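UniProt numbering applies: residue 1 is where the sequence shown begins, and numbers increase by one. Quick reminder that beta carbons are idealized off the backbone N, C-alpha and C, glycines included. Remember, it's a predicted structure, so these values are computed and weren't measured experimentally. Accompanying notes for the structure given below.
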Amino acid sequence: MTTRAVGLKAEGIGKAFGSFRALDNISLDIAPGEFLTLLGPSGSGKTTFLMILAGFEKPTVGRLTSEETDITTRSAEARSFGMVFQGYALFPHMSVEQNVAFPLQVRGVPREEIAKRVDAMIARVGLVGHEKKRPAKLSGGQQQRVALARALIFEPPVLLLDEPFSALDKHLRGRMQDEVKRLHGEFGTTFVFVTHDQSEALSLSSRVAIFNHGELLQIATPQAIYERPESRFVAEFLGEINLLPIERVGHCAAGTSGLFEGHAIKAPSQDHAAATGTLAIRPEHMSVCATRRGDHNGVAACVTGTTYLGAAMRLALATSGGTRLSVTLPMEAAAAALSKGPDLWVTWPADKGFLLPEPH
């Protein structure tokens, strides 16, 4: 079964609760069939925006369209989007099959067709054998599967998911993430997913939209948003990162150049008008060696600590100027580097660093 997915377009959406501004001028396009994740810290506005998409909240300003039809004031029932809540919201007095059947019953689907579709859906979410159980007899992961089945059974054009895995343990979260990704591929429905978990957003999504303080800071593919964040907040929120203060920023044949603690540094060409800036490099893009590599950026640093990560090790280092660095290496490479003593060169390819724009 492939659902006819629809796109959504938000134009200048704002939402105020009294004097508190929850959303400020949010504009974005959601393509039919894509998996868009709204990511941000608590209070960033991501859930408020999802509630506006669902029709549970009305924007103070702006409009929302679907297939060029204005749905800003359309009720949640009239939109007929699927919804999976953080707390599952299953009917406790109903069995699994009754919960899954409910959306079809309220839509007047014939009983024979309901039975057929419910059986097929229960099989697709791996709940065969649990049809007669009530939610209280199910594990958290099984309850979440029921919620997904109920939300997808009526073939909605859009499925909205509000932090659906927040109550699950890490192992079960991983399994449910795989399940949701599989269901998205099978159904073709437009998925809009809310989370504050960075790894969850990066692994699931076609695109990620970063929210903070009611503003949409950046929207891009997971790879683009991780490797080329457009602000310091996005860079730091998406995982550990090294931030190096750069002076005398200019242009050179290789792209952008500058000085870090007296060392010449190169980075990809960027529009950067200021004479100073901040160079960002992910820990996994750095390496360490006993002597500087001539074809890489590099700075002398002293190892101040190590953290065991299983298959890898994180080295904490400090430069003579007091800048703290973090480098993530495979275990063998880390052991080889540490055998050379605490004083090492931290190096990285020029194309792995990027200058962050100066804050306004």
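Asked	Found
Cα-Cα separation, Thr-291 to Glu-261	17 Å
In DSSP terms, what Leu-23 is bridged to	Lys-15
Rounded separation between Ile-225 and Phe-237 - CA only	11 Å
Rounded straight-line distance, which links the Cα of Val-96 to that of Arg-134	6 Å
Spatial neighbours of Ala-54 in its chain, beta-carbon cut-off 8 Å, leaving aside the 5 residues before and after	Ala-76, Arg-79, Phe-81, Met-83, Leu-160
Residues that DSSP places opposite Lys-9 in a beta bridge	Asp-29, Thr-65
Thr-65 versus Phe-102 - alpha carbon distance	28 Å
Beta-carbon proximity list for Phe-233, same chain, < 7 Å, skipping 5 on both sides	Asn-212, Leu-217
Which of helix, strand or coil DSSP assigns to Gly-82	strand
Boundaries (first-last residue) of the alpha helix (DSSP H) holding Pro-103	96–106
Any 3 or more C-beta pairs closer than 8 Å across the region 237–246 and the region 264–282	yes
Helix, strand or coil at Met-286 [DSSP, three-state]	coil
Exposure of Thr-256, with buried meaning 16 or more beta-carbon neighbours within 10 Å	buried
Backbone secondary structure at Tyr-226 - three-state DSSP	helix
Other residues of its chain near Lys-352: CB distance less than 7 Å, five sequence neighbours each side excluded	Ile-281, His-285
Arg-207 - DSSP class collapsed to helix/strand/coil	strand
Nearest candidate by alpha-carbon position, reference Ser-19, set Asp-169, Thr-60, Ile-13	Thr-60
Lys-133 (DSSP reduced to helix, strand or coil)	coil
contact_flag[the region 201–210, the region 18–35] where n(CB pairs < 8 Å) is 3 or more	yes
Distance, Arg-111 Cα to Pro-222 Cα	43 Å
Residue(s) in a DSSP beta bridge with Leu-308	Checking the sequence, you will find Tyr at residue 308 rather than Leu. In the DSSP output, where bridge partners are listed per residue, Tyr-308 has Met-313.
Own chain residues within Cβ distance below 7 Å of Met-331, not counting five before or after	Ala-311, Ala-312, Met-313
Helix, strand or coil at Gln-218 [DSSP, three-state]	strand
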